[in-house]
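4 protein chains.
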Amino acid sequence: MPFYAIISGAGSGTGASVARHFAKTYPVVLLARTAASYEPIVADINANGGKAIGIASDATDLAAVQAVFEQIAKELPGHQLAAAVYNPAAGMKYLPFLEQELATLDASLATNVRGLFLFAQKTIPLLLAAVDAKPAHPPTLIVTGATGSIRGSAKFATFATGKFGQRGLTQSLSREFGPRGVHVAYVIVDGGIDTPWGKERVVNNGVEDGKISPDAIAESYWHLHTQHRSAFTQELDLRPFVEKF
Amino acid sequence: MPFYAIISGAGSGTGASVARHFAKTYPVVLLARTAASYEPIVADINANGGKAIGIASDATDLAAVQAVFEQIAKELPGHQLAAAVYNPAAGMKYLPFLEQELATLDASLATNVRGLFLFAQKTIPLLLAAVDAKPAHPPTLIVTGATGSIRGSAKFATFATGKFGQRGLTQSLSREFGPRGVHVAYVIVDGGIDTPWGKERVVNNGVEDGKISPDAIAESYWHLHTQHRSAFTQELDLRPFVEKF
Amino acid sequence: MPFYAIISGAGSGTGASVARHFAKTYPVVLLARTAASYEPIVADINANGGKAIGIASDATDLAAVQAVFEQIAKELPGHQLAAAVYNPAAGMKYLPFLEQELATLDASLATNVRGLFLFAQKTIPLLLAAVDAKPAHPPTLIVTGATGSIRGSAKFATFATGKFGQRGLTQSLSREFGPRGVHVAYVIVDGGIDTPWGKERVVNNGVEDGKISPDAIAESYWHLHTQHRSAFTQELDLRPFVEKF
Amino acid sequence: MPFYAIISGAGSGTGASVARHFAKTYPVVLLARTAASYEPIVADINANGGKAIGIASDATDLAAVQAVFEQIAKELPGHQLAAAVYNPAAGMKYLPFLEQELATLDASLATNVRGLFLFAQKTIPLLLAAVDAKPAHPPTLIVTGATGSIRGSAKFATFATGKFGQRGLTQSLSREFGPRGVHVAYVIVDGGIDTPWGKERVVNNGVEDGKISPDAIAESYWHLHTQHRSAFTQELDLRPFVEKF
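Chains as they are written, first to last, in my numbering: chain V, -1 to 243; chain L, -1 to 243; chain A, -1 to 243; chain D, -1 to 243.
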């Protein structure tokens, strides 16, 4: 029985690397708000012997999320879901709390929490079904977290609120669905990511490998996916060797 | 210069006890969604030599929250804010994740996170102003948390999401406003609370003191408020001696 | 039935303040390695209407600890133990790990862990006996922790090792003896303490109240001791309002 | 330049699996208290195209640890250290605290903390030297932790004390040596391990894969070792899918 993987928030550096990595094994579905975000990656995967489908969709919109899974059922008939990655990023506002707007909080909650809720409600039944299909690796849901999920900071109030909530939701899902064979994991990405569009942003004094390689993130996501069900990791951190923590 | 305290979510067992305790020292403003929730407490405080004002208000509604502070300015002219307590409870749905509705998540976020955001944006400027008035105790914002703020569990997904988010927001506020003299604290209430309307609910096998006394919670809130600014507590837990944790 | 309190590590700023505070209610026993550490405090308490006994003792030596409790039984016949505070400090070596000596690690373990083990094995049976005597406040064991108990840092390796271990031991005691009525609490002191002999040490840029008042610590210890058994705190932090964390 | 790996505590199920896994890439040195523990593994690796050296040694004894590294220098001349794994297990005593003996605490501290201190002081200089040799993977120190490192429990007091201390030490090493290119990671093994000699011990109601596969642990250790230095994991947990946590 064929399997596929889905990456929500596939247009970012991390999303693109994860899609490419999982595409070595599975057809991959890439979700992003705008097609322009995923088109080059989709084209590249398809041109290099993989199979990728891009779907433009708002992760925070219930109807849009439902439409995504209807489209997948048509485009990948008979496929089971092997792995789902939730990776959308909310635009973070680094501002003193008294200058933060409710709309910024709502955007953080929409992307980090409500979108994950919708994604999980759609993917977990598919992942549970996949458990019965005896896949090579346990069906997996991986959520991209951040330092803000374990540490609230001045000026990061709206971001931390969403990320703490996201971690709590993910942990709840781990405790509920782990025993049913679905591996739910949270990855605390702690550091700047080395993306093409962030090249000019200097972190860690510009030291080599001071920004996280998105391909390295993808390696750890794949490792999580391939963990034996007797040894699931629920949470791990990823940070550059020079990062202060 | 006179000071007052405000308790949002004053209709619960905890809110009522906190209001009574703080009313020994300050005029208190009690907020609850419906007047019926706070009326007996307000009457009781006023009948016993204290001063209490009740205002019916939806903690999750921006306009309602703004109206509250306009009314307070009129009813307690010239008063500074000594202590603010955020204690509203969202109706918790103990359900498997796949049976949870988005509306339940939204209700949890509205009460635990958005309401606190609004309350903090209104009270923190007042607490900062009070710092300059050199009060007997450092101006204080206390938020009522729960075990769900540090532990996501099966069937508690929507509750934990809101409570994790609330803890992250509170921790951010502590880091930002502590250095400016405002004491922001989070209290992790871990156990059933001994309220009149929960008398029949059996916890800890019905052992004496197996439910948390709301008056005991109020004692710790008062202790937090009176801590010297050289020794602020950011977070503490409260649980019955017999509670498993 | 009369009660007493005991403070191990009574010669420090924190120990002295805790002894004075608890002496308002109980006869207090002060333990320190050398009599010179506690003598002025003992004299002062006795001169001001309290009752204090000092015993020179090495907290890390089994025979010495046993001798302490034999002496107490003679000096305070018929007294029950209301509160025990474990507060000895190991000389901390702030050094790169590769320059740390095994002897420094052993000193940290001896003071932070082995001494607490001995103290707890002697005091917990007495505290359990006191539960049956129905004291005004639940019998209490309080341990003085530090930031190093929750965060290992470069150059703090030997200190963090001891403090992490101490926190794990205390948490184990809480889970075991809380249900039997003994309140075991850990206090994470996060910041420099304002002691007479540390006056010249500048922290937080010398801002007023930037060092923790030992009297403020004592207030929180007393609050812990007086908490109702339906609302025990297992752990709290104490830090100056300006402290980074 | 050739590299090697060393596993302290190689006689256990975890240690044996880690040795076999790392032996696919490196000559491996297996340390255990008695030769009988590692002999079959050493023989098996050498018979199957790998290279393994066993050294009987007490991990808690300074002179013994020094002798180990002198012997390695002779047996693997010109080799650099690529990976060091600290995995010795202390005999755990599951007993009420008041029945625990100081000797049990000392054994826990010796194995979990003092032995790691000695091992780290010997291996970290070698790992730092290996950084300069530009190995394929960042030089790595991995420590085997347990649930007891983050949770103190009734009857687990001596075990938790040692494991908390070990986690604090490891975290300190991560913060100090990560920026110098050495990857230090702590693995929280949460569950019973499926070893030949523990076959009869029933956990998780005997469900298939309810005990952790030591080979699965080895997979994650290898993943940690091969992580890019821009994306080091400091800590991860491993538990059976059915394990309560």
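Beta carbons are placed, not taken as given, at the ideal position from N, Cα and C, and that holds for glycine. It should be emphasised that the depicted structure is a prediction, and the values quoted were computed from it without experimental measurement.
Secondary structure of residue i, DSSP reduced to three states
| i | result |
| --- | --- |
| A/T306 | Lying outside -1 to 243, the shown extent of chain A, residue 306 of chain A is not represented and no answer is given. |
| A/Q98 | coil |
| L/D207 | coil |
| D/Q78 | strand |
| A/D104 | helix |
| D/E73 | helix |
| V/H221 | helix |
| V/E247 | Given that chain V is displayed from residue -1 to residue 243, the structure contains no residue 247 of chain V and the question cannot be resolved. |
| L/L114 | helix |
| D/L93 | coil |
| L/A229 | coil |
| D/K242 | coil |
| D/V201 | coil |
| D/A127 | helix |
| D/S147 | helix |
| A/K249 | Residue 249 of chain A lies beyond the range of chain A shown here (-1 to 243); nothing can be said about it. |
| A/T58 | coil |
| V/A152 | coil |
| D/P0 | coil |
| V/A88 | coil |
Proximal residues to residue i (C-beta, below 7 Å), its chain only, five neighbours per side dropped
| i | result |
| --- | --- |
| L/L93 | K153 |
| D/A155 | F95, Q98 |
| L/F157 | M90, S106, G146 |
| D/S211 | D192 |
| V/A33 | G52, A54 |
| A/S15 | P212, D213, I215, A216 |
| A/V240 | N202, V205, G208 |
| L/A118 | L139, L171 |
| V/F230 | G176, H181 |
Paired residues, beta bridge with residue i - DSSP
| i | result |
| --- | --- |
| A/K5 | According to the sequence displayed, residue 5 of chain A carries Ile and not Lys. Note: A/I5 sits in a beta bridge opposite A/L28, A/V83. |
| V/I51 | V/V27 |
| L/L234 | L/V185, A/L234 |
Neighbourhood of residue i by C-beta distance below 8 Å, restricted to the same chain and skipping five residues each side
| i | result |
| --- | --- |
| V/V111 | G160, G163, Q164, L167 |
| V/D188 | A144, T145, D235, L236, R237, E241, F243 |
Opening and closing residue of the alpha helix (DSSP H) in which residue i lies
| i | result |
| --- | --- |
| A/E37 | 33 to 45 |
| L/V141 | That residue, L/V141, is in no alpha helix (DSSP H); its beta strand (DSSP E) goes 138 to 144. |
| V/L171 | 155 to 175 |
| V/F20 | 11 to 21 |
Segment limits, beta strand (DSSP E) that includes residue i
| i | result |
| --- | --- |
| L/I186 | 181 to 187 |
Close-in-space but distant-in-sequence residues of the same chain around residue i (CB under 6 Å, 5 per side omitted)
| i | result |
| --- | --- |
| L/S35 | G9 |
| A/L124 | L79 |
Where residue i meets chain B, residues with beta-carbon distance less than 7 Å
| i | result |
| --- | --- |
| V/S151 | In the displayed structure, chain B is absent; the protein chains listed are V, L, A and D. |
Practice task
Compile a chain-ordered list of the residues in the region 117 to 135 of chain L whose CB is closer than 8 Å to at least one CB of chain V.
Solution key: A118, Q119, I122, P123
Handout entry: Within 9 Å of chain V by C-beta, residues of the region 77 to 99 of chain L in sequence order
Key = P94, F95, L96, Q98
Practice task
Closer than 7 Å, Cβ to Cβ, to anything on chain V: give me those residues from the region 154 to 169 of chain D, in chain order.
Solution key: none
Handout entry: Contact list for the region 36 to 64 of chain A against chain D, Cβ threshold 7 Å
Key = L60
Handout entry: Members of the region 222 to 237 of chain A near chain L, C-beta cut-off 7 Å
Key = Q225, H226, R227, S228, A229, F230, T231, Q232, E233, L234, D235, L236, R237
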